[in-house]
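Protein chains in written order, with full-length UniProt numbering: chain A, 1 to 706; chain B, 1 to 335.
Below is one structure, written out as structure tokens, with a few remarks after it.
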Amino acid sequence: MSDLNKSIGQAINRIDGLLKVTGAATYATDYVLKNTVHAVIFKSTIAAGKIKDIETGEAEKAPGVLAVITHKNAPKLNEKGGVRGGALLQSQNIEWYGQHIGLVVAETFEQARYATRLIKVSYEKAEPKVDFEKHKKEAIAPKDNHDAIRGDVDTAFGNAEFKIEAVYETPIEHHNPMETHSTIAFWEGDKVTLYNGSQIVNGAQGAAASTLGIPSANVRIVTPFIGGGFGSKGGQWANLVLAAVAAKAVNRPVKLALTRQQMFNSVGLRQRNHQRMRLAATKDGKLTVLAHETTTHCAIDNEFVEPCGDCSKVMYEVPNSLISYRVVPMNIIIPTYTRGPGKSTGSFALESAIDELAYQLRMDPIEFRLKNEPAKDPSNGKQWSSRTTVQCLQEGAKAFGWGKRKIEPRQNQQGEYLIGYGVACGTYPARQQNSSAIVKLTRKGNDVKATIELAASDLGTGTNTIIAQTASDALGLAVNKITVKIGDSSLPPAAGSVGSVGAASFSNAVNDACEKITDELMKKSTKQFFVRPTVANLMVSENLTAFETRADAKAPADATNYSSHSFNANFAEVWVNSLTGMVKVKRFLAVTGAGKILNPKTARSQIIGGNVWGIGMALTEESILDPRWGNFVTRSLADYHVPSNLDIGTIDTIFIDEKDTIPNKLGVKGIGEVGIVGVAAAVANAIFNATGKRVRDLPITPDKLL
Amino acid sequence: MRPFKYSASTTINSAAQLLSANPNARILAGGTNILDLMKEDVERPDELVDINRLNLSVVKPITEGVNKGGISIGGLGKNAETANHPLIRQNFPLLTQAILAGASAQIRNMATNGGNLNQRTRCPYFYEVSMPCNKREPGTGCGAREGINRMHAIFGWSESCVAVHPSDMCVALAALDAVVKVQGSSGKVRSIPFAEYHRLPGEMPEKDNTLQHGEVVTSIEIPKNNFASKSYYLKVRDRASYAFALVSVAAAIEMNGSGIKQAWLALGGVAHKPWRAFEAERFLAGKAATADNFRQAAEMEMKQAKALEHNGFKIELGTRAIVLALTRAMNGGTA
Ligand SMILES: Cc1cc2nc3c(=O)[nH]c(=O)nc-3n(C[C@H](O)[C@H](O)[C@H](O)COP(=O)(O)OP(=O)(O)OC[C@H]3O[C@@H](n4cnc5c(N)ncnc54)[C@H](O)[C@@H]3O)c2cc1C
């Protein structure tokens, strides 16, 4: 429970909330630099082959145009420098539809965009591999992802009395953050500053430097605010570097903002997953087999695999298990980490299959899960640092009114609506990554203030706020005495806002730095202390006007001896219109055990956000490719449906009160991803309970329920 | 976007003249469609004639002519204002429901009635200039015919175009037997019955409707009817708001004692124009308002439907939607 004298655990408002609602928060393209000009990218209109020629003459003569850059005149860049997916204008090769093939720089955005229409490209076309249905049988075992096998799946499955075998399909999805990927680049001598939304500040710095072939110290990334990323701003994309190339070419600051349509083939995607599940259980509900085989596509020259089997590795005690991946390289832009990578999509398959098997046993799906709770992490035999699945299920069942649910489907009808309840669990690993932080104290009279500096990033989740809260407690200063400076590679290096490591890594680094500065001040003092003094007392008593220190924080040494995860249980009540097939999620409850909750308000928003994305995954989100040409026919937010307000009923969140300081000193496990894990399955399970229809391919649009 | 000339006109006449003088000029009303299309290079006018200063936004009772007793809505009236106008809410709740089922609050605040009638299809092949599309570039072929066509037509399509008209408002106006008033540079006003305003693609999918270049939609007249208490607009879509219809139905019933005197039915999301379900209407006239009759009427209409590769579900969905819309209309127009 929260301590009223502490800021951590209090539901305080975002410290940057006012900046955001007044529009004063500066996102990448909000910086106004004198003489800025605009770059607009143009793209391939084939998915495979070579550029024969690009005619740029007419574009070069168009009003306002300063430069046209293509593979013919682009500077040599290091294609292995860390920019994901390439598209750096280094060759004529085309590997996907909509690959960048050039850019125009002009005085205004409209002039640049117009000039891109005047470019004429001729191609040598090759037969593109874009139809996953057709090519999935060519999938091969990836080099870095070996099959994880325990026991003997085939024999046990063959002999089992209760079993299910089914394929679950999830479509291509796009991240679609509100802020499209955008960069402003400007050079001062041989140094370049890049304003660019980056989830991993130092990662962006390193990738830009190495791709451009200049020292890291010559690249500065500035990203104090990010308009969402969902994984797409974790890796670096060509826009970051091409803006720098363009700025160099015209010797002026260049702004390069992708359009929404361009987002669909510029910054990665979540690939389609074909997940074959085999589950078996004894009559009394003990799981005997869990096989989770994922087939998916990857880029032509990169075997990225979304770890769909991760939940299946750790959620249940089962003697015979197989987790495997097969990939087929295709002419589709490189997949990348997306909202709960592997866990959100994998849990759809796993938790749907668990529900199917529970129904076959005519057993309550919560009871079924409780019977198969693993005492240790089944994938590696390590002790859990803590595991809250049972509490999440039990507290959730009570709060949700799960007892009212009937095991048989179609038992609850009101007018034309069929009502159903579904449950599904989820998990996400908890880790602390290396991060450094500087604390700077200043004093005027008795007024002591602190500035916290580290190259962390805030995706919009509340990182700034939890850093201030952490510092407030560790320094004994009020939150409004603390200034947080993040999102700048010139600050001490830090982990990224990715993989749910941000909160744990940043808060522990800041806490360490604040404890360290207190210790150092105490050491300076000749006084004896019986209670630990605040930094304000110390600054006054030592008559200091400024003092600073830096800490380099790491996870506790024995953290890796344990298995540490956040866990959740999701409960959904759906109303399915039995005539039109339209589904409304009337009520949703997510119960989450994620260690110390630094700020219940921003944490709740995080979980709700994850839940809404999960409902979108279940019901609406899908990117559709034309299987002939490889272009997306869904290329705006009018076609790519994320849930609207009207699709979402009430969402409740409960956090399990949990103290686990094994993964890190503050006991923070991270909530960035877990909010989406298990959600799609909870909705799909509820739809089964409502209608008796098991839909195994997402999204569950009305036509699938007719 | 391509450079273009901007002209603002203050009278219908000057607007019509500016348009007539330049075959590449287009009207700019709310801009929610034409500007998007210009940014994507789909529409390439070299002149926009801004009509926002014309005085064409009033909603008023019609006091003379064939539609006397009905209500006229201005061609420049905003969709939101039209939907929420007391005269419309009272007399044509079907129109209110249909307009409010479309787009988003922000877009409806900008969008005009004339713009709604003349908005272009949302077919993705039309929208992407690197794709073949006979509507955008006659002779290039139809990308959707053998492509992704889940959102496309089941009625009245041709080999050259399978696109659908995206409007919700127009589906209600079709059922309401509205009349479109247009005026050209000669100053002459034409009246076009709603069913004849939009057209089927045939061999000329580049023409969405029968408006001639140089003409301005000045108003839409909606005749008086007796079914305000028995009408319903049903929109089935992939999400609850802000999505185009998979299938939509505007249904209205006038009763004669216990039997149906006449029914009005129009479907959206199924054809290149709002699809008046005349077959079903004919069947229902004089019948009892039963679920069974609704179903038979719906099935009869759907017999003419021809599905493409991905939209076969629209036939069953359309059948059910007709039944449901008629049922809700009978129940007083509430869900
Ligand atoms: C994301 C999105 C979602 C949408 N969803 C829906 C939906 O669900 N249902 C729906 O019905 N609509 C939907 N719309 C479409 C919206 O209703 C139209 O964009 C709007 O009605 C167009 O009106 P406007 O005044 O902005 O037209 P403009 O963009 O100004 O013009 C559109 C066309 O009409 C012509 N035009 C305009 N006024 C006249 C006139 N008086 N006489 C002759 N020609 C004229 C123009 O020249 C142009 O060709 C959506 C739009 C968007 C962007």
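For glycine and all other residues, C-beta sits at the position ideal for the given N, C-alpha and C.
Near ligand 1: residue i beta-carbon under 7 Å from a heavy atom
i, result
"residue 72 (chain B)", "no"
"residue 13 (chain B)", "no"
"residue 549 (chain A)", "no"
"residue 102 (chain B)", "yes"
"residue 53 (chain B)", "no"
"residue 167 (chain B)", "yes"
"residue 36 (chain B)", "yes"
"residue 112 (chain B)", "yes"
"residue 32 (chain B)", "yes"
"residue 606 (chain A)", "no"
"residue 199 (chain B)", "no"
"residue 77 (chain B)", "no"
"residue 97 (chain B)", "no"
"residue 28 (chain B)", "yes"
"residue 217 (chain B)", "yes"
"residue 119 (chain B)", "yes"
"residue 115 (chain B)", "yes"
"residue 211 (chain B)", "yes"
"residue 721 (chain A)", "This structure gives no information on residue 721 (chain A), because the portion of chain A shown stretches from 1 to 706."
"residue 688 (chain A)", "no"
"residue 283 (chain B)", "no"
"residue 244 (chain B)", "yes"
"residue 300 (chain A)", "no"
"residue 107 (chain B)", "yes"
Beta-carbon gap between residue i and residue j smaller than 8 Å
i, j, result
"residue 514 (chain A)", "residue 426 (chain A)", "no"
"residue 598 (chain A)", "residue 394 (chain A)", "no"
"residue 145 (chain A)", "residue 250 (chain A)", "no"
"residue 462 (chain A)", "residue 336 (chain A)", "no"
"residue 341 (chain B)", "residue 145 (chain B)", "Any question about residue 341 (chain B) goes unanswered here, given that chain B covers just 1 to 335."
"residue 683 (chain A)", "residue 592 (chain A)", "no"
"residue 502 (chain A)", "residue 495 (chain A)", "yes"
"residue 117 (chain B)", "residue 180 (chain B)", "yes"
"residue 241 (chain B)", "residue 646 (chain A)", "yes"
"residue 166 (chain A)", "residue 326 (chain A)", "no"
"residue 340 (chain B)", "residue 209 (chain B)", "Because chain B is modelled from 1 through 335, residue 340 (chain B) falls outside the range shown and cannot be assessed."
"residue 154 (chain B)", "residue 306 (chain B)", "yes"
"residue 147 (chain A)", "residue 324 (chain A)", "yes"
"residue 37 (chain A)", "residue 126 (chain A)", "no"
"residue 713 (chain A)", "residue 429 (chain A)", "The structure shown does not extend to residue 713 (chain A), since chain A is modelled only from 1 to 706, so the question has no answer here."
"residue 710 (chain A)", "residue 705 (chain A)", "With chain A covering 1 to 706 only, the question about residue 710 (chain A) has no answer from this structure."
Expected contact under 8 Å - CB spacing of residue i and residue j to nearest Å
i, j, result
"residue 265 (chain A)", "residue 333 (chain A)", "5 Å"
"residue 23 (chain B)", "residue 213 (chain B)", "6 Å"
"residue 283 (chain B)", "residue 300 (chain B)", "5 Å"
"residue 551 (chain A)", "residue 437 (chain A)", "6 Å"
"residue 202 (chain B)", "residue 270 (chain B)", "Residue 202 (chain B) to residue 270 (chain B), Cβ: 17 Å. No contact."
"residue 73 (chain B)", "residue 113 (chain B)", "6 Å"
"residue 272 (chain B)", "residue 165 (chain B)", "6 Å"
"residue 663 (chain A)", "residue 387 (chain A)", "That pair is no contact at about 12 Å."
"residue 195 (chain A)", "residue 183 (chain A)", "7 Å"
Residue i at chain D interface by Cβ criterion, 8 Å
i, result
"residue 128 (chain B)", "This model lacks chain D altogether, as its protein chains are A and B."
Distance cut-off 7 Å: residue i Cβ against heavy atoms of ligand 2
i, result
"residue 101 (chain A)", "Here the bound small molecules are ligand 1; ligand 2 is not part of this structure."
**Request:** Decide yes or no for the touch test of the stretch 12-25 of chain B against the stretch 451-464 of chain A: beta carbon pairs closer than 8 Å, at least 3 of them.
**Result:** no
**Request:** Would you be able to state if there are at least three C-beta pairs under 8 Å between the stretch 47-55 of chain B and the stretch 25-35 of chain B?
**Result:** yes
**Cβ contact (3+ pairs, closer than 8 Å) linking the stretch 67-83 of chain A and the stretch 268-277 of chain A** = no
**Asked** So does the stretch 569-581 of chain A actually touch the stretch 681-696 of chain A, counting three or more Cβ pairs closer than 8 Å?
**Response** yes
**Item:** At least 3 beta-carbon pairs within less than 8 Å: the stretch 11-24 of chain A vs the stretch 80-88 of chain A
**Value:** Counting Cβ pairs under 8 Å, fewer than three are found: no touch.
**Prompt:** Counting Cβ pairs closer than 8 Å, one from the stretch 143-160 of chain A and one from the stretch 206-221 of chain A, do we hit at least three?
**Reply:** no
**Request:** May I ask you to verify whether the stretch 96-114 of chain A touches the stretch 31-46 of chain A, counting CB pairs closer than 8 Å and requiring at least 3?
**Result:** yes
**Request:** Mind the definition here: the stretch 325-333 of chain B touches the stretch 228-236 of chain B only if three or more C-beta pairs lie below 8 Å; say whether that holds.
**Result:** yes
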